[in-house]
Amino acid sequence: MDKEARIIALIAQAGRAMVEFEKDFDVIEKGGSQNYVTTVDLRVQRMIAQALEEICPEGILIAEEDGLGKARTAPCFFVLDPIDGTSNLMHGMKHSAISLSMHEAGRYALAIVYDPYLEEMFVANRKGAFLNGAPIHVSSRPLADALIGFGTNPYDRTRSHENFAALEALFYHCHEIRRSGSAALDLAYVACGRLDGMFEQNLQAWDFSAGRFLVEQAGGRVTDYALNSPDPTCETSLIASNGLIHEQMHGLITGGRNGN
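Just so we're aligned, residue 755 is where the sequence shown starts under my numbering, counting upward by one.
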């Protein structure tokens, strides 16, 4: 079994463990208002980290529960969110995912977003984007027919008025809006055409790194609020789309401004 297949198998195994761990878990406040981690996050991360050390001993892991204080110039590194959608998990809403990207020589090599509840494995590599092994592609819907996902940041609400103003502006120009609680799954859904676009302020690297590659390999577009290509190791405000509606989304979200 090659490296990619071993990593995909690992994430599937971790997803099954996540569902088991969820049956009995504790919640830990991480030091900020509304900022929590569960013992499920910690156990899943530990499991994945230990296995990645065996699969790719030269790799460096950048993970939500470890922070970003590791070299980004390594020949191989991973960006991991052990549970994207922790708030959903805490409330028993079955909409969370494991998100992992692998980077070699400064380029994406692999991205995985796995929803263990639906057993949906989204994978992107340099050949394309796939859902449970079948190729996927972004939609071709115009903005008037588009279903748009968005996210809010419960940890920092100082710019919430901007977020909701952008949401209102988009609402009058698209078909409908959805708030799922998982940026990784929103991006995966853009990649397979369930959503036509998504946006969220101040996403951390582990929230979007895998999803960015999925959307791009599925034929879509991902930028920050200044229309630049986002750094997969840095916090950013993100717009992702099928490409056709990207400029319209950007104009409505930023009010015509270029900024982050």
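Backbone N, C-alpha and C define an ideal beta-carbon position, used for all residues, glycine too.
**Request:** From the DSSP output, in three-state form, read off residue 841 for me.
**Result:** Residue state, collapsed to three classes: helix.
**Message:** If I follow the unbroken alpha helix (DSSP H) through residue 1002, where does it start and stop?
**Reply:** It spans 1000 to 1008 - the alpha helix (DSSP H) in which residue 1002 sits, taken as one unbroken run.
**Limits of the unbroken alpha helix (DSSP H) element including residue 926** = Per DSSP, residue 926 belongs to no alpha helix (DSSP H) and is neither H nor E.
**Asked** Alpha carbon to alpha carbon, how far is residue 833 from residue 1006?
**Response** Their Cα atoms are separated by approximately 30 Å.
**Request:** Evaluate residue 903 with the Cβ neighbour count: other Cβ atoms within 10 Å of its Cβ, from every protein chain shown; 16 or more gives buried, anything less gives exposed.
**Result:** Burial call: buried.
**Prompt:** How is the alpha helix (DSSP H) around residue 968 delimited, first residue to last?
**Reply:** Start and end: 959 to 971.
**Asked** Leaving out five residues before and five after residue 988 in sequence, what residues of the same chain have Cβ atoms less than 7 Å from its Cβ?
**Response** In chain order, 959 place their CB closer than 7 Å to the CB of residue 988, counting only its own chain and leaving out the 5 sequence neighbours on each side.
**Prompt:** Taking three-plus beta-carbon pairs below 8 Å as touching, is the segment 926 to 933 in contact with the segment 960 to 976?
**Reply:** By the C-beta criterion, the segment 926 to 933 is judged not to be in contact with the segment 960 to 976, since fewer than 3 inter-stretch pairs fall below 8 Å.
**Request:** Report the residue from 944, 888, 838, 765 whose alpha carbon sits nearest the alpha carbon of residue 804.
**Result:** Checking every option, the nearest Cα to that of residue 804 belongs to 765.
**Message:** Let me make sure I understand the geometry here. Which of 782, 955, 862 has the alpha-carbon closest to that of residue 915?
**Reply:** Of the candidates 782, 955, 862, the residue whose Cα lies closest to the Cα of residue 915 is 955.
**Request:** Please list, in chain order, all residues of the same chain as residue 943 whose beta carbon is under 7 Å from its beta carbon, the five residues on each side excluded.
**Result:** Excluding sequence neighbours, residue 943 sits near 903, 949.
**Request:** Excluding the 5 residues preceding and the 5 following residue 873 in the sequence, name in chain order all residues of the same chain whose CB lies nearer than 6 Å to its CB.
**Result:** The answer is none, since no qualifying residue turns up.
**Prompt:** Can you give the Cα-Cα distance for residue 837 and residue 807, rounded to whole angstroms?
**Reply:** Put simply, the backbone Cα of residue 837 is about 19 Å away from that of residue 807.
**Prompt:** If you drop the 5 nearest sequence neighbours on each side, which residues of the same chain put their C-beta closer than 7 Å to that of residue 884?
**Reply:** In its chain, beyond the 5 residues on either side, 877, 890 have a beta carbon closer than 7 Å to the beta carbon of residue 884.
**Message:** In the DSSP assignment, the alpha helix (DSSP H) including residue 861 goes from what residue to what residue?
**Reply:** Looking at the DSSP string, residue 861 is not in any alpha helix (DSSP H); the run it does join, the beta strand (DSSP E), is 861 to 869.
**Message:** Can you find the residues in the same chain that come closer than 6 Å, C-beta to C-beta, to residue 853, ignoring five residues on each side of it along the sequence?
**Reply:** Excluding sequence neighbours, residue 853 sits near 835, 838, 867, 938, 964.
**Message:** Only counting the same chain, and skipping five residues up and downstream in sequence, which positions put a Cβ closer than 6 Å to that of residue 994?
**Reply:** Hits under 6 Å: 941, 944, 952, 969, 976.
**Asked** The beta strand (DSSP E) with residue 874 in it runs from where to where?
**Response** In the DSSP assignment, residue 874 falls within the beta strand (DSSP E) that extends over 874 to 879.
**Per-residue burial, residue 762 [other beta carbons within 10 Å of its own, 16 or more giving buried]** = So residue 762 counts as buried.
**Request:** Using the Cα positions of residue 892 and residue 800, report the straight-line distance between them to the nearest angstrom.
**Result:** Residue 892 and residue 800 have their C-alpha atoms some 33 Å from each other.
**Request:** Give the straight-line distance between the Cα atoms of residue 773 and residue 870, rounded to the nearest whole angstrom.
**Result:** Approximately 7 Å, taken between the alpha carbons.
**Request:** Output the distance between the C-alpha atoms of residue 845 and residue 770, rounded to the nearest integer angstrom.
**Result:** Spanning the alpha carbons of residue 845 and residue 770 requires a straight line of approximately 19 Å.
**Prompt:** In the structure shown, what three-state DSSP assignment does residue 946 receive?
**Reply:** In the structure shown, residue 946 sits in a helix (DSSP, three-state: H, G or I).
**Cβ neighbours of residue 758 in the same chain (closer than 6 Å, five flanking residues each side left out)** = Contacts found: 864.
**Prompt:** residue 971 to residue 861, Cα distance in whole Å?
**Reply:** Cα atoms of residue 971 and residue 861: separation of roughly 13 Å, rounded to the nearest angstrom.
**Prompt:** Between residue 999 and the rest of its own chain, which residues show a CB-CB distance below 7 Å, the 5 nearest in sequence each way excluded?
**Reply:** Cβ within range, chain order: 896, 897, 900, 950, 951.
**Message:** Quick check on residue 856: does DSSP put it in helix, strand or coil?
**Reply:** Residue 856 sits in a strand when the DSSP states are folded into three classes.
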